[in-house]
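Here is the structure we will look at, set down as structure tokens.
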Amino acid sequence: MRDVRQVRTESGQTFEVRRVSVGDIGNPEERAVVHAHLQELNELIVDNSEWPTPNFSKGISNPASDIFYQSHLSGTSMQYWRDNHMPGAEALFPLQRLDDAGRLFPGGFVDSHAMDIFTYAIDSIAIRARGSIHNSLLLIKASETEGQILHAIALGAGAGVPNIDATVHVRDQLRKTIRWREYDLSYKSLQTSVELFKEAGIPDDDVVAIRGDLKKAYGLPTESADIIDMLGLWEYLSHERCVVALRSLYKILKPGGIMVVSNMLPDRPQLELNQKVISWPGVQLRSVDELIDIAVEAGIDPSCITITKSDDAVYAVMEIRKP
1 MRDVRQVRTE
11 SGQTFEVRRV
21 SVGDIGNPEE
31 RAVVHAHLQE
41 LNELIVDNSE
51 WPTPNFSKGI
61 SNPASDIFYQ
71 SHLSGTSMQY
81 WRDNHMPGAE
91 ALFPLQRLDD
101 AGRLFPGGFV
111 DSHAMDIFTY
121 AIDSIAIRAR
131 GSIHNSLLLI
141 KASETEGQIL
151 HAIALGAGAG
161 VPNIDATVHV
171 RDQLRKTIRW
181 REYDLSYKSL
191 QTSVELFKEA
201 GIPDDDVVAI
211 RGDLKKAYGL
221 PTESADIIDM
231 LGLWEYLSHE
241 RCVVALRSLY
251 KILKPGGIMV
261 VSNMLPDRPQ
271 LELNQKVISW
281 PGVQLRSVDE
291 LIDIAVEAGI
301 DPSCITITKS
311 DDAVYAVMEI
321 RKP
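With this note's numbering, the residue at position 37 of the sequence shown is 37, and numbering never jumps.
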């Protein structure tokens, strides 16, 4: 942790903002080369704002996106990633698990250009940093919990990589168990998640995968969950749906429980690269103030909120603690 400060809302209420440095892998010189290349693509979009936002299923692209995905070549890993995994949750897997990136590619092979992107792009670094923050929050929660078993709900669970990582760390460091109820609309993502949990040595009884959206969880028993995770879902919900979700899910949290969400920031670096080159649709950009506004509207006391941002400045991770 590098910096912690108290921030005051207009109504005089305070919440905590933390800045953290999250170590990442790779060679700094190679990272600088990739970053410079992607910054050039970002500036191309800025200078040509009339270029369309890609819609790959409809064959719509732009010159910067074509360079990124190597559209002038044939059979590249980036093209395969775009055509077979974007924009599903599985697309994040090669960024999260570089040592197993080939799992999603024919013959297990990922070419060097794609590995450079998965390793050094700021979005790739930010996804891993977000997961690391999530991991730390769940580890702290588990260490503060008296019992040996924590009950967790994951909404928009995707392939579940951050949840698996946190579960393994809690098991190995604290000898405690996190039992998950995972919700996602994608059967493919849930299948991948169950497979990865199994490979991590987590018993089948500790994971329940449910196909459906977050509303399916609203009827769960009051004060039954230690952890509610919306790390990857929150930023796809409208303001109104976020408020409803907080109100509905807060009741399910046990006293002392935590809810973890994240949101891409509007002032993040290389925003145009994300939006019109990589082209990840549907993300609702929000500032820290907007996150707090949603929580306050849902009846959450800001003093129970901590916002964590890493040095890459791409995401804000919001932890809500129930007294």
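We treat Cβ as the ideally placed atom computed from N, Cα and C, and that holds for glycine.
Keep in mind it's a predicted model, so treat the numbers as computed, not measured.
Alpha carbon to alpha carbon, how far is residue j from residue i? Give it in angstroms, no decimals.
i	j	result
L155	V46	34 Å
F105	G160	19 Å
V4	E16	7 Å
V20	R321	19 Å
D66	L73	10 Å
Q338	I60	The structure shown does not extend to residue 338, since the chain is modelled only from 1 to 323, so the question has no answer here.
A32	E50	29 Å
N62	T53	7 Å
H134	K215	23 Å
Q148	V208	19 Å
A89	S189	7 Å
N27	P323	43 Å
D293	S287	10 Å
V170	E146	13 Å
Q284	L249	20 Å
E272	L92	19 Å
L38	L44	10 Å
R18	E144	20 Å
A298	G158	25 Å
Run the CB neighbour count on residue i, radius 10 Å, all protein chains shown included, and call it buried at 16 or more, exposed below.
i	result
H239	exposed
I140	exposed
L185	exposed
A64	buried
R211	exposed
G219	exposed
I25	exposed
G108	exposed
T14	exposed
P162	buried
A36	exposed
R82	buried
Y69	buried
Q191	exposed
How is residue i classed by DSSP in three states: helix, strand or coil?
i	result
W180	strand
L253	strand
Q191	helix
F118	helix
D229	strand
L104	helix
F109	coil
E319	strand
M86	coil
I202	coil
V244	helix
T9	coil
A159	coil
V314	coil
V20	strand
I153	strand
S279	coil
R211	strand
Relative to the C-alpha of residue i, which residue among the options is closest?
i	options	result
V22	I202, R8, K309, P323	K309
P281	V261, R128, S57, H151	S57
L231	H113, G131, R103, I117	G131
D78	G107, Q96, F118, E90	Note on residue identity: the sequence assigns Met, not Asp, to residue 78. Residue F118 is the option with its Cα nearest to M78.
T76	A89, S112, A129, R128	S112
E195	V170, R175, I164	I164
G256	D229, A225, W234	A225
E29	L138, Y120, N48	Y120
D116	M86, L95, A129, R103	L95
I127	N274, T306, L44	N274
I122	E290, L291, R268, L285	R268
L246	E144, A157, V296	V296
T9	D289, I300, A217, C304	D289
L150	S279, D206, S193	D206
D312	V110, P87, A129	A129
Q) Do the stretch 256 to 276 and the stretch 305 to 319 make contact, defined as three or more Cβ pairs closer than 8 Å? A) yes
Q. Three or more beta-carbon pairs under 8 Å between the stretch 175 to 183 and the stretch 198 to 213, yes or no?
A. yes
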